[in-house]
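Under the working numbering, think of the first position of the sequence shown as 286, with each following residue one higher.
Shown next, in structure tokens, is the structure this report addresses.
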Amino acid sequence: DKHGFRKRFGRNNARTDAKYLSVFICFYLWLIFLTSCGSKPADLRALIPADSLVYLESNDLGAVMNAITERPAFREAAKTVPDFSVLNGVKLAVAVTGFETKELPVTDENSVLSFTPHFVAVLETNAWNFQAVSFTQDKLGEFINQVYGGEVLLETSDKHDGKYFVWTSKDGRKAFALVQGSVVFFGNDETSIEKCLAVKRGEADSIAKNPKITDGDRLAFGYVSPEGIAQIANITGLSMASSISEEAEVKTFVARVLPEILRNSLREATWTATKGEEGIIDSYSIAMNPEIAAVLSETIVPGSKAAESRSWVNVKLSGTVTRYNLRDARLAWRSILLGAGKVIDPTSARLLVAFANSLFEPYGIEDGEKFLSSVDPEILTVRLGEADENVFVLAKVKDPNAFEQSIAKELRDAKGESAGPAGEFVRRTSDGDFILVSETTGAVKLGDADAVQNAPETTGPGYQKVFESDAAAASYGVVTSAGQVITTIAELKVERPVLSNYFTETRINRNGVERRTVSDFGFIGWIITQFAKDE
Numbered sequence: 286d287k288h289g290f291r292k293r294f295g296r297n298n299a300r301t302d303a304k305y306l307s308v309f310i311c312f313y314l315w316l317i318f319l320t321s322c323g324s325k326p327a328d329l330r331a332l333i334p335a336d337s338l339v340y341l342e343s344n345d346l347g348a349v350m351n352a353i354t355e356r357p358a359f360r361e362a363a364k365t366v367p368d369f370s371v372l373n374g375v376k377l378a379v380a381v382t383g384f385e386t387k388e389l390p391v392t393d394e395n396s397v398l399s400f401t402p403h404f405v406a407v408l409e410t411n412a413w414n415f416q417a418v419s420f421t422q423d424k425l426g427e428f429i430n431q432v433y434g435g436e437v438l439l440e441t442s443d444k445h446d447g448k449y450f451v452w453t454s455k456d457g458r459k460a461f462a463l464v465q466g467s468v469v470f471f472g473n474d475e476t477s478i479e480k481c482l483a484v485k486r487g488e489a490d491s492i493a494k495n496p497k498i499t500d501g502d503r504l505a506f507g508y509v510s511p512e513g514i515a516q517i518a519n520i521t522g523l524s525m526a527s528s529i530s531e532e533a534e535v536k537t538f539v540a541r542v543l544p545e546i547l548r549n550s551l552r553e554a555t556w557t558a559t560k561g562e563e564g565i566i567d568s569y570s571i572a573m574n575p576e577i578a579a580v581l582s583e584t585i586v587p588g589s590k591a592a593e594s595r596s597w598v599n600v601k602l603s604g605t606v607t608r609y610n611l612r613d614a615r616l617a618w619r620s621i622l623l624g625a626g627k628v629i630d631p632t633s634a635r636l637l638v639a640f641a642n643s644l645f646e647p648y649g650i651e652d653g654e655k656f657l658s659s660v661d662p663e664i665l666t667v668r669l670g671e672a673d674e675n676v677f678v679l680a681k682v683k684d685p686n687a688f689e690q691s692i693a694k695e696l697r698d699a700k701g702e703s704a705g706p707a708g709e710f711v712r713r714t715s716d717g718d719f720i721l722v723s724e725t726t727g728a729v730k731l732g733d734a735d736a737v738q739n740a741p742e743t744t745g746p747g748y749q750k751v752f753e754s755d756a757a758a759a760s761y762g763v764v765t766s767a768g769q770v771i772t773t774i775a776e777l778k779v780e781r782p783v784l785s786n787y788f789t790e791t792r793i794n795r796n797g798v799e800r801r802t803v804s805d806f807g808f809i810g811w812i813i814t815q816f817a818k819d820e
């Protein structure tokens, strides 16, 4: 039962007379007989190297794409809904075998780091070999030509018992593909394909033997190995170091210490994507160092099941809102720092405590631990838009003296003034960057002045979810990047930004971190947008 054959002959012959229909049936049964005598669909896991850093799979690409295009956010913004029925039942497995780091100059004085994964994708097309070859040369070749900016040179040859393709862009980048039967191997690194072939020949172990690679009713599944965690930790450290500060000492500290913390704290991770009524559900399970996980599971403990009242939150919510619902926020934060300090050297551990306060600086807070001890354990952070600096925190003060000592000195020294009918007391830094709004109820708004002053007049209905959650941390957000998902596979019919929302809950247990996100397009949507980037 070949999809391409069925598409070509099985849909457009409703008016065929009995004579031609009988001939067609006989011919079709003959093809089925030939197919039954041929090779069975490949077990893609048995083709993926056991030492892959990251592994992703889907047993039905048609179901994946339908889950995206069925969402109201897609149908309301797209001119047409693409027909992905040809992908029904098509299996895909992707392995990341390594990462390549490049320093790309932006100006004469500045540069940015670019991280390129070396990957191989294995596709079971369920098609005849000539159809798989045609798909690779035409459809896949067209996609590569677009990604590489056009004028891509294609070379073909008979190699590895199949048809081999090499595409070369004008700037020298290459993509490779091999078609064997109905299976297509595709990647940006020739050695990654050769590793799969070695597994197929029995010269290397496959990832199918890994007990973490499970089965289930889902759209997609992913696994990050311990070595993959280590590689991603290195990338995370370099990325954060390049963006967190202009000071060379800070950059060096973050680039050196953060990867070490992540490597020694995290073990491996799995991801599953399923389809739900409210969207795609992404479930992440991150296994941690058992000693650290045991401590965090006892200290990062949710407070009440849900907020009985949100009356103290005297601000309209927009952007991304995260509610931390902790029994003891100060204890939770201290346990994180102590846990991180145990997996690095003593000198770095002492520096880490001092550096940790920089994470509170965008909110106008100088001493994070003192701030957490001075307010109630239910804390909200708000980010308007998608810029990291447009943030503020909402909390209810229980120890005014400790709170005063925790905030930025410029705010402590600033003269306040009463404002508004509720008698709010407002303080601003001399440069106007930070603002502190104290209410008669004891609640405060503290952080970027523009963010606090530009809070919306109404609150969207979805934000109530963060107050109903019993998780240690719950986030609800509205983002404008959903249009990138749509334009990658369809055409927009609206000129306005396409809005999409997500809801995330994070919990800690004795195994590590459990994170669940419900959104319109999910992590799969993010993967789709990467196909449109010319990286």
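Heads up, the beta-carbon is just placed ideally off N, CA and C, and yes, glycines get one too.
**Asked** Can you name the residues that DSSP bridges to F834?
**Response** With the chain represented from 286 up to 820, any question about residue 834 goes unanswered, as that position is not in the structure.
**Prompt:** Measuring CA to CA, which of I571, I629, N796 and R800 is closest to Y787?
**Reply:** R800
**Request:** From the DSSP output, in three-state form, read off P544 for me.
**Result:** helix
**Item:** DSSP three-state assignment for F806, whether helix, strand or coil
**Value:** coil
**Residues near S715 in its chain [Cβ-Cβ closer than 8 Å; skip 5 each side]** = E695 and A699
**Item:** Cα-Cα separation, F660 to A625
**Value:** Strictly speaking, residue 660 in this sequence is Val, with Phe absent from that position. When rounded, the distance between both Cα atoms is 24 Å.
**Message:** I'd like to know whether the C-beta atoms of V407 and V468 end up nearer to each other than 8 Å.
**Reply:** yes
**Message:** Rounded to the nearest angstrom, what separates A634 and H445 at their Cα positions?
**Reply:** 52 Å
**Request:** Look at the alpha carbon of R712 and the alpha carbon of E724, and state the distance between them as a whole number of angstroms.
**Result:** 12 Å
**Message:** By the three-class DSSP mapping on this structure, what secondary structure does G768 have?
**Reply:** helix
**Message:** Let me confirm a value: R781 is counted as buried when at least 16 other C-beta atoms fall within 10 Å, else exposed. Which label applies?
**Reply:** exposed
**Message:** By the DSSP assignment, the alpha helix (DSSP H) with Q859 in it spans what residues?
**Reply:** An answer regarding residue 859 cannot be provided, because it is not within the stretch 286 to 820 covered by the chain.
**Asked** Between the stretch 328-343 and the stretch 375-390, are three or more C-beta pairs nearer than 8 Å?
**Response** yes
**Request:** Could you please give the first and the last residue of the uninterrupted alpha helix (DSSP H) stretch that includes E479?
**Result:** E475 to K485
**Beta-carbon spacing of S658, R615 below 8 Å** = yes
**Asked** Is the stretch 348-363 touching the stretch 469-477, taking contact as three or more C-beta pairs under 8 Å?
**Response** no
**Asked** So what does DSSP say about R801, is it helix, strand or coil?
**Response** strand
**Request:** Throw me the rounded Cβ distance for the K560 and A740 pair, which I believe falls under 8 Å.
**Result:** With 8 Å as the limit, K560 and A740 do not qualify as a contact, their Cβ atoms being about 35 Å apart.
**Message:** Looking only at its chain, what residues have a beta carbon closer than 8 Å to the beta carbon of K459, apart from the 5 residues adjacent to it on each side?
**Reply:** V451, W452, T453, N473 and E475
**Message:** Starting from Q416, trace the alpha helix (DSSP H) in both directions and tell me its first and last residue.
**Reply:** N414 to S419
**Item:** G708 classed as buried or exposed, judged by whether at least 16 other C-beta atoms fall within 10 angstroms
**Value:** exposed
**Asked** Among the residues of its own chain, which have a CB less than 7 Å from the CB of T791, if the five just before and after it don't count?
**Response** A756, A757, A758, V798 and R800
**Prompt:** At what residues does the beta strand (DSSP E) containing A450 begin and finish?
**Reply:** For the sequence presented, residue 450 should be read as Phe rather than Ala. Run containing F450: G447 to T453, per the beta strand (DSSP E) assignment.
**Message:** Please return the same chain residues whose Cβ sits closer than 6 Å to the Cβ of T666, not counting the five positions on each side in sequence.
**Reply:** T607 and V678
**Asked** Less than 8 Å separating the beta-carbons of D718 and A734?
**Response** yes
**Prompt:** Just how far apart, CA to CA, sit G435 and I520?
**Reply:** 30 Å
**Message:** For I650 and D328, what's the separation of their Cα atoms in angstroms?
**Reply:** 54 Å
**Request:** Report yes if the CB atom of L377 is closer than 8 Å to the CB atom of E342, and no otherwise.
**Result:** yes
**Request:** Taking all protein chains shown into account, decide if S477 is buried (16 or more other Cβ within 10 angstroms of its Cβ) or exposed.
**Result:** buried
**Message:** Using the three-state DSSP reduction, which class does S321 fall into: helix, strand or coil?
**Reply:** Its pLDDT being 38, under 50, S321 is placed unreliably by the model, and the measurement read from it follows with that caveat. Note: S321 maps to helix in three-state DSSP.
**Request:** Measure the C-alpha to C-alpha separation of D684 and K750 and round it to an integer number of angstroms.
**Result:** 29 Å
**Enclosing beta strand (DSSP E) for E753 [first to last residue]** = Careful: E753 lies outside any beta strand (DSSP E), inside the alpha helix (DSSP H) at Q749 to E753.
**Request:** Output the distance between the C-alpha atoms of S491 and S570, rounded to the nearest integer angstrom.
**Result:** 23 Å
**N414 versus P326: straight-line alpha-carbon distance, rounded** = 12 Å
**Asked** So, is G487 buried or exposed, given that buried needs 16 or more other C-beta atoms within 10 angstroms?
**Response** exposed
**G507 beta carbon less than 8 Å from that of W556** = yes
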